[in-house]
Amino acid sequence: MSITPTIKVQSDDFDAGAELAALNAADGQTGAVASFIGLVRGDDGLAALTLEHYPGMTEKQLRAIADQAAARWPLSAITLIHRHGRLPVGAQIVFVATASAHRRAAFEACEFLMDWLKTRAPFWKQEQWADGSSRWVEAKSSDDDAADRWHIPADGGGNGRA
Amino acid sequence: MVQVLYFAWLKSRTGCAEEQVSPPASVHTVRDLACWLRDQSPGHADALADLAVIRAAVDQEHVSLDSPLGEAREVAFFPPVTGG
Numbered sequence: 005m006s007i008t009p010t011i012k013v014q015s016d017d018f019d020a021g022a023e024l025a026a027l028n029a030a031d032g033q034t035g036a037v038a039s040f041i042g043l044v045r046g047d048d049g050l051a052a053l054t055l056e057h058y059p060g061m062t063e064k065q066l067r068a069i070a071d072q073a074a075a076r077w078p079l080s081a082i083t084l085i086h087r088h089g090r091l092p093v094g095a096q097i098v099f100v101a102t103a104s105a106h107r108r109a110a111f112e113a114c115e116f117l118m119d120w121l122k123t124r125a126p127f128w129k130q131e132q133w134a135d136g137s138s139r140w141v142e143a144k145s146s147d148d149d150a151a152d153r154w155h156i157p158a159d160g161g162g163n164g165r166a
Numbered sequence: 064m065v066q067v068l069y070f071a072w073l074k075s076r077t078g079c080a081e082e083q084v085s086p087p088a089s090v091h092t093v094r095d096l097a098c099w100l101r102d103q104s105p106g107h108a109d110a111l112a113d114l115a116v117i118r119a120a121v122d123q124e125h126v127s128l129d130s131p132l133g134e135a136r137e138v139a140f141f142p143p144v145t146g147g
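Here's what the structure looks like:
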């Protein structure tokens, strides 16, 4: 079955409840919906994150990641939303939801999408601190490891050591 | 002519988000292009000093630095991504 993933890259906030309701209503064959929301965590003195991205490539990469998930699990719907711009502590950053006939596919595909998005989607976080300083967040090797465990060969890309 | 884009701290250091360049024929790979770009300004030299911490995309696809440039229209240099 071929599905058309819903992909949104936006500065505006999103309504997770409305997005989930749209997935529930998808086709009458859906038995499970899994979702993930990433938030700006208020580490000591952090005021906000500013997310920069690569317009054009971001959408292309998110679509490729969603297509990988759709090829690997029997999904009836996928929604990926990623925000950019300045996001204060507590703000929603990313939303991933998957729908399937059964829970295992929905859970696994949701986790796969987040792991792959973190190493492939061209976003960069800059931390803004309460004292006015700012710092670019460094990539974590644990994120590469999380993506690697899905055993999809990297085509020289993402955060993999070039 | 190739459009070169910089993101995150590479953009701050080069002082530009994008620029059009005409590399010489001796530039064959993405790595060659990065090395050649170092001579554009002290900011470029600083941004592209350590290629081990830099990733690249050609025409919006992730590539290794040793990939050939080929007929690339757009090359981007950036640090490892940190979205999600």
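Those protein sequences? They're chains A and B, same order as listed.
Add 4 to a position in the first sequence, counting from 1, and you land on the number used in the numbering used here.
Add 63 to a position in the second sequence, counting from 1, and you land on the number used in the numbering used here.
Yeah, the Cβ is synthetic: ideal placement off N, Cα and C, and Gly gets one too.
Range of the contiguous beta strand (DSSP E) that encloses residue i
{"i": "V13 of chain A", "result": "10–14"}
{"i": "P92 of chain A", "result": "89–92"}
{"i": "H155 of chain A", "result": "Element bounds for H155 of chain A: n/a, residue is neither H nor E."}
{"i": "K129 of chain A", "result": "127–133"}
{"i": "T77 of chain B", "result": "No beta strand (DSSP E) holds T77 of chain B; the alpha helix (DSSP H) holding it covers 72–77."}
{"i": "T123 of chain A", "result": "Not the beta strand (DSSP E): T123 of chain A falls in the alpha helix (DSSP H), residues 107–124."}
{"i": "R136 of chain B", "result": "Element bounds for R136 of chain B: n/a, residue is neither H nor E."}
{"i": "E96 of chain A", "result": "Before going on, a small fix: residue 96 of chain A reads as Gln here, not Glu. Unbroken beta strand (DSSP E) run through Q96 of chain A: 96–104."}
Under 8 Å between C-beta atoms of residue i and residue j
{"i": "R118 of chain B", "j": "P86 of chain B", "result": "no"}
{"i": "P56 of chain A", "j": "H86 of chain A", "result": "It should be noted that the sequence gives Glu, not Pro, for residue 56 of chain A. Taking 8 Å as the Cβ cut-off, E56 of chain A and H86 of chain A do not qualify as a contacting pair."}
{"i": "L114 of chain B", "j": "H107 of chain B", "result": "no"}
{"i": "A101 of chain A", "j": "L27 of chain A", "result": "yes"}
{"i": "I7 of chain A", "j": "I82 of chain A", "result": "yes"}
{"i": "L43 of chain A", "j": "G94 of chain A", "result": "yes"}
{"i": "W154 of chain A", "j": "T145 of chain B", "result": "no"}
{"i": "R139 of chain A", "j": "I69 of chain A", "result": "no"}
{"i": "A134 of chain B", "j": "Q123 of chain B", "result": "The question names Ala, but residue 134 of chain B is Glu in the sequence shown. No; because the gap between Cβ atoms is not below 8 Å, this pair is not in contact."}
{"i": "F140 of chain B", "j": "Y58 of chain A", "result": "no"}
{"i": "L53 of chain A", "j": "L91 of chain A", "result": "yes"}
{"i": "A172 of chain A", "j": "A36 of chain A", "result": "Examination of residue 172 of chain A is not possible in this model, given that chain A is present from 5 through 166 alone."}
{"i": "L128 of chain B", "j": "V84 of chain B", "result": "no"}
{"i": "G35 of chain B", "j": "L121 of chain A", "result": "In the structure displayed, chain B extends from 64 to 147; residue 35 of chain B sits before or after that span and is not available."}
Cβ-Cβ separation, residue j to residue i (assumed contact under 8 Å), whole Å
{"i": "P9 of chain A", "j": "M61 of chain A", "result": "In fact, because the Cβ distance is near 17 Å, the residues do not count as touching under 8 Å."}
{"i": "L73 of chain B", "j": "E81 of chain B", "result": "Wrong, their Cβ atoms sit about 11 Å apart, outside the cutoff."}
Delimiting residues of the alpha helix (DSSP H) encompassing residue i
{"i": "L1 of chain A", "result": "Residue coverage of chain A in this structure runs from 5 to 166, which leaves residue 1 of chain A outside it and unanswerable."}
May I have a chain-ordered list of the alpha helix (DSSP H) segments no shorter than 4 residues that lie completely inside the segment 38–86 of chain A? 61–76
Segments assigned alpha helix (DSSP H), at least 4 residues, entirely inside the segment 83–126 of chain B: 93–100, 105–110
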